[in-house]
Structures are given as structure tokens and as C-alpha cells.
Amino acid sequence: MIVRDEAEVIERCLASVRGLIDRWVICDTGSGDDTRTLIEAALHDVPGELHERTWVDFGHNRTELMTLAQGKADYLLLIDADMTVSFDRARLAGLTADSYSLRHAEDPEYWIKRLVRGDRSWRYVGATHEYITTDSVDRTERLDAIVIHHHQDGGTRAEKFERDLRLLSREHERNPGDPRTVFYLAQTLRDLGRLDEAIHHYERRAGLEGWEEEAFYSLYQVGALNARLARHPQAVEALLRAWNRAPRRAESLVLLAGLFRERGEYHLAHLVAKRGLRIRMPVEGLFVERWVYEWGLLFEYSIAAYWVGQPREALETCDRLLALPQLPEAHRRQTIENRRYCMRAMAARPATTSLTALRWRPPDDSSAARRTEGAGDGTITMIEGGHRLTHRGTDADRAVIRQVFTERAYALDRLEAWPGLARYVRAGGAPAKPLIVDLGAHIGAASVWFALRHPDAQVIALEPDPANFDLLRENAAGFPHIKPLRRAIARRPGSVNLIDPGRGSWAMRASAEPGVTRGTRVGEVEAVSIDQLLEDAPGTVPFILKMDIEGAEGDVFTTHWQAFARFPLVIVELHDWLLPGVGTSRPFLRWHTAHNRDLVPVGGNLFSVAPGSGAR
């Protein structure tokens, strides 16, 4: 290896190779720290040579190193100080090839020639991003018995891109048509944040002869960088060209699917993601991005399938994702959330209401569409009657709106057999103002639904999470008969813990437990009882109690046994799937059975109807 100012990392590197090497040759190109001393101490009992040479460029200095090392061993391992290796020495017996490419276990994954015969004359070509070659016959193979781990934290890392730019620019002036130089000049400009210049050189590289993998990757980067610059048409055009250039690569398709999803073009996202899933991860290729083939396309497909009306397909894809140990935690949480809405959609009525997204911008910090709740606040969706709902623009918030207004999760159509409810359903037919209580109101979609359907009713909406409550309050502003409260329901007035189980804003729950279980305590919230709510709503008569409180059902049904029975209709979503083993559904079922109520499943909700409602 060649080194300079690598004192911070050199011992880690050398410790990783001690069990693999018999000799060593290292060139120092001008260290001002303890690099040389640390090398000699770490390898004091292994034969070797430490040389000092003046720095010229990577091609020149690595070629000098190969000359010094020639004939010193059967095979030469070529690594850098900020790398480590893992190996299976038993599988290294009987090597016969002239050179071997070793796998870099990063994402994107790639293979580089790093093990070569020691009796050959080797040289490096290129001032930087150099490659090794020989004038002799070179029978090269891949070898997975040695794996490279590139930590990219070496002593000269901070100046790497500026240094590479100087070297590549000089090389480009000498030979402006060299494909490799143009490619790595584009790469360096990208890493320096000079995106328009990078796009220019990537386009140039795509038009040159040479390695097709570089041409494909250049077009892929043209698309990716235009996407970063919010140039949607240019991004789509370049990504389609990239896939046409290399249809065996799927990286451009996962990015295309994400772009279409962001714009609400779900049928296009579905088409592209489905095509990408037919592509297997290449065995060979430049900068193969493993995540694309392992889970990225599945993730995009799971979302697109839901939005094009295929919730069962989306659900099955979510289950495939959740079975993958390599799925990142943020995407795992989002997939759990997405799966919830697939379950609801599968049991829901056909859509009858049209939603129009005025602005759709999901939170996204990469081509993998990594989600972070709270980004994109201010997205507006038009609903019936010209009303608007403000939300975060996340898939979760949009799914809630779709569940309420498109899938009609709280419609009372199926309760026609209970004429005792009709006086509440017909506006103005009740003997007093009907009272609707929305426990776990989230951003207020269900409260607005109830307000539109029952304009003579009083709607009390409780939401403990502050971010959700801000949106609830905004959405309730146009409905004077909705009363939003930042409260939680509990046995008695006081304060309860606000628990974040780490699954998104929809999963926040309040708990009166003295200790925190299955989540993180993120604060406290004031609590009220149902009796207190009824006392604070004089002149009303209980009508609907809607409950979506993310696993706290068990506690409230135990503590509000009689109060809940005053409502002729209780709508609840149970969450055993969210808290397995806790049995959150059992207190509800005991309460429901004890009061001899009728149970009507509607989508993902259970409608509990009081016997006094008068079945025909």
C-alpha cells in the first residue's frame, strides 16, 4: 500500500491483514504524523519493507510500489490504509489465476482487482481512479474468499475530492476524449456538489465509446441529479434512457417509481416497480446497489399497489418486506404502517368519493424514499363539498384520508336494520343535539366526516399528540360544531404518559401505566374521563363514540364500563396486531358481550350497536 498521514486508521488496517500476509511492502509519500512509527510497531515481527517516495499522483506512485514489491511473494494484496479485510484462509490454497477481483462489501457493491501474481510486471494507468494492468496475459477471476471493507475515513479523505478534481482536470486537458477520465470527473463534480457540471460530464460520458456499465451509470446519475434539482421531466427522460441502455439493471427503475409516486402518478409507479421486480441482481456490474434488488423495489411496489386499488397485493408485498432482516428500521416502521391500511382497504366498501391532491410531496431524503414524519406540512387535499384537509403529505396521512372519505370507513349504511338509530342519522330528527366523541382524532379526518354527515351534532375530538393536534385544530376551524381538545381519555382527570412506540404519528398513544412499556415516553398530556366530557356537553345526547387509540382500548373499556354503554353506536379499531400478547381486544369484547350489543364489521372497524337501537 501507499500511505500518507494515516496514523488514525493504519493500525486497524494492519491488524486485519496480519493473519493473511507473509511479507509486506509499504511506501510512505510524505507523512507528517506517526504513520511510519505505527507501521513498524504493528508489523515488527513480520518481514517487510517501508519505503519513502515523493508524491506525484496515484498512477505513478502505485506503479513505483508494484516495482518494489515484484518477486517478494506469490501474490500481492493491494489495499489502502482506510480499508480492512475479512478472509477465509482455507479457501486460498491452490490459487492459479494471474489476478483476482475482490468484492467491496459496501452499497453500492463493486469488485476491484486487488490480488495479483507477484512475479508479473504490473503498472497503474490514470492520475486518480487508476486501474492496474500488465503487458502479459492476464487471466482474471473473482475471488470471494477475501472481502474488502472500505471505511473511507483515511487521513487524506478531507481533501480527496479537491485533489481528485485537480488531477482529473489536468488529465482531461491532455486527453479530453478519454471515457474513464470523463466519467470520474463527473463523479468528482457530483461529490463536490457541482451538480450541473456533473450532469454535463455524465452526458458526455454516455455518448462516448467504452465500458457500457459506465455509460449506463452516467445516465442513471443524470436522472438522479436532475431529480435532486427538482427537474422532473429531465429526470424521467434520463432514467428511461438509462434503463433502455442496460435493461438488466434496475437502479433507474426504483428511482423512477419513486418520482412517479411523489407526483401521485401511482399507475406509472406501479408499472415501473413491477417491471423492476423481474430483474435479478447482476452478478457483475459497476456500483450495483444491493438495496434496490433486496428491498427497494418491493417497498415502492407495496405503496403503488395500494394506491392503484390492489390492497391484497400490497399486503403480501408488505409481508415480504417485513420478513427481510436487511430492511432498514425506518422502512420497517413505514411498512408496518402501510400494512395497516392495506388490511383496512381489503375489507372496505368500494370507493365512492373522489379525492384530489393539490400538492403531493412525501418526505424524501434519497432515491430510496426514506420517510420522516413531520416533513411536508401544509399539503392540502380537496374533499367533498369543496372542503379542504391539511396534512403532512405522508403516505400515512393520505391513507387516513382515503380510508375515511374514499373507503367510507365510518359510513352508517350498514345500520339500516337498526331503525332506532335513524332518528340520529336524519338531520334534525333527534330529540336533542346528538353528541359524537372522536377518541384518537389524529388530524381530524373522521371528525370532519361526522361533521359533514351530521351537521346538527356536537363533535368532540380528542388527540393527545401535539403535531397531530395542530392539524386537527386547523381542519376543524371551518366547522364550529367540532370541538378539538388536546386530551387523552383516562379513568379520571389528571396527567398520563404520551408513548411513542416508534411506528409513526398515527401510533402515538396515552397510557396511565406508571412505567413505560413498548415505547418511549415523550411527555405528558392532560386526561379526561367520558363522564367529564358528557358533563361539559349539556343539552346533548350520546350518539357515536369512535375510538382509534392505538392499543389503549383495553384500559379504557375496563375503566369506562357504564359510560361507554350510554352511546348507541361505538366504533372501535382494535390493535392486538400492534401490541401482541397484551390482549387489548379482550376488555372490549367482554364489555360488548356483557351489554348484549350487536357487532357489525365495517372495513377495519367494529361497529358495536346497543340493543335499544331496535333491530327490525
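Heads up, the sequence shown is in the numbering used here, so the first residue is 287 and it goes up one at a time. Note that CB positions come from ideal geometry on N, CA and C, so glycine has one too. What you are looking at is a predicted structure, and each value in this text was computed from that prediction instead of being measured.
Pairwise C-beta distances place the region 588-605 in contact with the region 547-559, as three or more of them are shorter than 8 Å. Taking 8 Å as the cut-off, the beta carbon of Ala631 is found no closer than this to the beta carbon of Glu580. In this model, Leu701 and Leu542 are separated by some 45 Å (Cα to Cα).
Following the DSSP letters along the chain, one finds Asp683 in no beta strand (DSSP E) but inside the alpha helix (DSSP H) bounded by residues 681-687.
With contacts defined by Cβ atoms closer than 8 Å, Tyr410 and Gly345 form a contacting pair. Arg428 has Ser387 as its beta-bridge partners, per DSSP. Annotated three-state conformation of Pro766 is coil, per DSSP. Pairing Asp314 with Val574, the inter-Cα distance amounts to about 33 Å. Arg490 sits away from Ala501, with the two beta carbons spaced by 8 Å or more. Ala849 and Gly889 have their alpha carbons spaced roughly 26 Å apart. Between Leu363 and Leu401, the C-beta spacing is below 8 Å.
Within the region 532-590, the alpha helix (DSSP H) runs of at least 4 residues that lie entirely inside it are, in chain order, 537-548, 552-562.
Between the region 452-467 and the region 316-329 there are fewer than three inter-stretch CB-CB distances shorter than 8 Å, so the stretches are not counted as touching. Out of Gln520, Arg564, His518, the CA that lies nearest to the CA of Leu584 is found in Arg564. Per DSSP, the continuous alpha helix (DSSP H) segment holding Arg491 begins and ends at 481-492. Beta-bridge annotation (DSSP): Asp884 is paired with Val895. For Gln689, the CB contacts under 6 Å within the same chain, skipping 5 residues up- and downstream, are Arg630, Ala695 in chain order. If only uninterrupted alpha helix (DSSP H) runs of at least 4 residues are considered, those enclosed by the region 308-332 are 321-328. Assignment of beta-bridge partners to His337 by DSSP yields Cys313. The beta carbon of Asp724 is closer than 6 Å to those of Ala732, Ser733, Ala747, Lys832 in its chain, skipping five residues each way along the sequence. Segment contact: the region 814-828 against the region 768-776, three or more CB-CB distances shorter than 8 Å; contact assigned. Selection Pro766, Asn512, Val827 evaluated against Leu481 yields Asn512 as nearest (Cα-Cα). Asp724 carries a strand assignment under DSSP once its states are collapsed to helix, strand and coil.
Looking at the DSSP output, Phe373 shares a beta bridge with Ile432.
Per DSSP, Pro465 is not a residue of any beta strand (DSSP E); the alpha helix (DSSP H) it occupies stretches across 465-477. Here Arg566 has Tyr579 as same chain residues with Cβ atoms under 8 Å from its own Cβ, once five neighbours each way along the sequence are excluded.
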